[in-house]
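Encoded as structure tokens, the structure appears first; notes follow it.
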Amino acid sequence: MKSQEKAEIMDLLAPNTRKPYRMVGLDELKKTHDLSGGVNKAAVVVLYTIGQDAPEILFVVRKISENDKWSGQVAFPGGKWEPVDRDLIDTARRELLEETGINLDSDVEIITLLRETSPSNMPELKVVPFLVRASSKPSIKLSEELSAYFWASIRELERAQALIVLPDSSRKNVLGFRKDGWIIWGMTARILEDALPKITGLG
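Encoded structure:
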């Protein structure tokens, strides 16, 4: 990693960049944000815990599948709203439990919301990221949709440019982050960019 790129990430750990973020209650979130569900809405969970040296973030890896628009990609746990969900909090709760076995109500605590975003290959889908914190690393039980998971310390994340192969076998140059052999790019990288200063402010 280049020294400048490393400095950009490490600056996030500097004490003078820390802000007094606080946990928010679910009722407060519902009052200040539109968390209603819908066919073109989704929720993801950015889950972190305070590691030995720095905050660590949970990432999951989607299985390779012809029917998955995000086949093989590194992602955050989450998915689309379904009619059984009362709102996007329910979506986040259900998807986190289904994909990782983590209970949003007992294993972690919601800190805040991040900026709504959309994947470039489905711009009509509005994705709401929930930033949540665990007091320690919870046990993970992956769903059949996922092939792997990993924790990444923010000290280990390297800004990277990479050539990736898409599900249709085309190739694309992307900007994002690297953790060992994993490339974090696209919407996941954008959400990560938004989350990093909030995580360090909370940590």
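Numbering (our numbering), first residue to last: 1 to 203.
No residue lacks a Cβ here, since even glycine has one placed at the ideal position from N, Cα and C.
When DSSP builds the beta bridges, which residues end up paired with residue i?
i      : result
Arg171 : Val165
Thr112 : Leu131
Val61  : Val74, Ala148
Lys179 : Trp182
Ala126 : The sequence given here places Lys at residue 126; Ala does not occur at that position. DSSP, once it has assigned bridges, lists Lys41 as partnering Lys126.
So residue i and residue j are in contact, right, with Cβ under 8 Å, and what is the actual spacing, rounded?
i      : j      : result
Ala152 : Ile89  : Wrong, their Cβ atoms sit about 25 Å apart, outside the cutoff.
Arg171 : Ala160 : So it is not a contact: roughly 16 Å between Cβ atoms.
Thr200 : Pro55  : 7 Å
Val74  : Ile183 : 7 Å
Pro138 : Ile110 : Contact flag wrong, Cβ pair sits at about 15 Å.
Glu99  : Leu146 : 6 Å
For residue i and residue j, what's the separation of their Cα atoms in angstroms?
i      : j      : result
Arg133 : Phe76  : 14 Å
Glu28  : Leu113 : 11 Å
Tyr21  : Val108 : Because the pLDDT at Tyr21 is just 38, under 50, the model does not fix this residue reliably, and the value given afterwards should be weighed accordingly. Distance between the alpha carbons of Tyr21 and Val108: 17 Å.
Ala162 : Trp185 : 9 Å
Under the rule that 16 or more other beta-carbon atoms within 10 Å means buried, what is residue i, buried or exposed?
i      : result
Leu175 : exposed
Gly38  : exposed
Phe59  : buried
Lys198 : buried
Ile154 : buried
Asp85  : buried
Arg115 : exposed
Hey, would you say residue i sits closer than 8 Å to residue j, going by beta carbons?
i      : j     : result
Ala204 : Trp70 : Residue 204 is absent from the structure shown; the chain starts at 1 and stops at 203.
Val128 : Leu35 : yes
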